[in-house]
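Colleague:
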Amino acid sequence: MINLAVQLPGLSLKNPIMPASGCFSFGREIGELYDLSKLGAVITKATTQHPRIGNATPRVAESSSGMLNAIGLQNPGVEQVVSEELKRLASYDVPVIVNVAGSSLEEYVEVASVVSKISNVHAIELNISCPNVKDGGIIFGTDALVAAELTKAVVAASSVPVYVKLSPNVTSIVPIAKAIEEAGASGLTMINTLLGMELDRKTGKPILANRTGGLSGPAIKPIAIRLIDEVRRNTSIPIIAMGGVETVQDVIDYLSIGANAVAVGTAHFKNPWICSELIDQLPEALASLGYSSVEQCIGRSHDHEYLLSR
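Here UniProt numbering is used: the first residue of the sequence shown is 1, the next is one more, and so on.
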């Protein structure tokens, strides 16, 4: 019997698999395909204080190795998220992580304060890394001092642990991760999308109305692995990893580099059952490595390196 359970601050996970914010919305559609209680957790779509309609269309473009999006944090606002989406998710036996976004420190604090008081919300994912909005988002995530100030304010206002989502669109990610850890974050989620652009082959013009968008999918997995490795070596708080997860081997790779749990994003657009299937496949994958629990697999790459250095 393989033990899939993982314990993180505020989160008692039945297994380490969960949908990433942005590719699962609030689970309304996928909840019609299988029981969401099977998931380790649910990370909701970004929530802001007021409703947002997002960026102009087209705002999604395919590339040869992933997907570009410039949705722009479209969401119904915190009032409707609380009264409808979180209320519906409460019918499932699954911890909820609410992705909180904003245009100002005050907006982040206000939204975090409201949603953290909802009984089925077990943690907040602080979104300081969205590359697709002109105000807020990545502005807070590319400066260590600004990121720390925001983290400290949200931690103080929140009734649940705060996980901060890091941007890969920085020169050096470690100083930002360390500043966030010192500011009181309970964990990190990484990585968000990489800024990119795709052209229309007939016109040569950018496909996205926003010109640029966030690249996700298999192309970013090696980058995410590298960044998580750097952060894992320099911080001690848990990491929920994401970036190009499509197979159970991808899950094993992220656990091996030191992630404590794994979120699945873009693969949902090809296979809406992807999280359920990965949960089913994970016990056999762990057993094939000689492990009887997820915990034994976490950080095995670093264990191997340690043994080689002796």
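Glycine is no exception: its CB is placed at the ideal position from the N, C-alpha and C atoms.
(1) Give me the Cα-Cα distance between I191 and M242, rounded to the nearest whole angstrom.
(2) Indicate the three-state DSSP secondary structure (helix, strand or coil) for Y34 in the structure shown.
(3) So, do the stretch 113 to 123 and the stretch 60 to 69 have three or more beta carbon pairs nearer to each other than 8 Å?
(4) Find out if the Cβ-Cβ distance for the pair L150, Y92 is shorter than 9 Å.
(5) State the start and end residues of the unbroken beta strand (DSSP E) segment that holds E125.
(6) Does the count of Cβ pairs from the stretch 94 to 103 and the stretch 45 to 56 closer than 8 Å reach three?
(7) How about A261 and L36: are their beta carbons less than 9 Å apart?
(8) Go through the stretch 84 to 109 residue by residue and report every complete run of the beta strand (DSSP E) that reaches 3 residues or more, in order.
(9) Which same chain residues end up closer than 7 Å to G184 when comparing Cβ atoms and leaving out the 5 residues on each side of it in sequence?
(10) What residue from I173, V160 and S158 has the CA that sits closest to L145's CA?
(11) So what does DSSP say about S116, is it helix, strand or coil?
(12) On the DSSP letters alone, give me the boundaries of the beta strand (DSSP E) that T189 sits inside.
(13) Spatial neighbours of F140 within its chain, please: C-beta separation below 7 Å, excluding the five flanking residues on both sides.
(14) Between H302 and the ligand GTP, is the CB less than 8 Å from at least one heavy atom?
(15) Let me confirm a value: L86 is counted as buried when at least 16 other C-beta atoms fall within 10 Å, else exposed. Which label applies?
(16) Measure the alpha-carbon distance for M1 versus L126 and round it to whole angstroms.
(17) Evaluate E181 with the Cβ neighbour count: other Cβ atoms within 10 Å of its Cβ, from every protein chain shown; 16 or more gives buried, anything less gives exposed.
(18) Could you work out which residue in M197, L215, P218 and G187 is closest to A259 when comparing CA atoms only?
(19) Would you kindly work out how many angstroms separate the C-alpha atoms of A219 and N271, rounded to a whole number?
Modeller: Result, derived from the coordinates:
(1) A direct Cα-Cα distance of roughly 6 Å separates I191 from M242.
(2) Of the three classes helix, strand and coil, the one that applies to Y34 here is coil, per DSSP.
(3) Verdict: no, contact absent.
(4) No, they are not a contact pair.
(5) V121 to N127
(6) yes
(7) no
(8) 96 to 100
(9) Contacts found: T151, K152 and V155.
(10) The closest CA to that of L145, considering only I173, V160 and S158, is found on I173.
(11) coil
(12) Per DSSP, the unbroken beta strand (DSSP E) holding T189 starts and ends at G187 to M190.
(13) Cβ within range, chain order: I128, V146, A147 and L150.
(14) Ligands displayed in this structure: none; no statement on the ligand GTP is therefore possible.
(15) buried
(16) C-alpha of M1 to C-alpha of L126: approximately 35 Å in a straight line.
(17) buried
(18) Looking at the Cα atoms, G187 is the closest of the given residues.
(19) About 18 Å.
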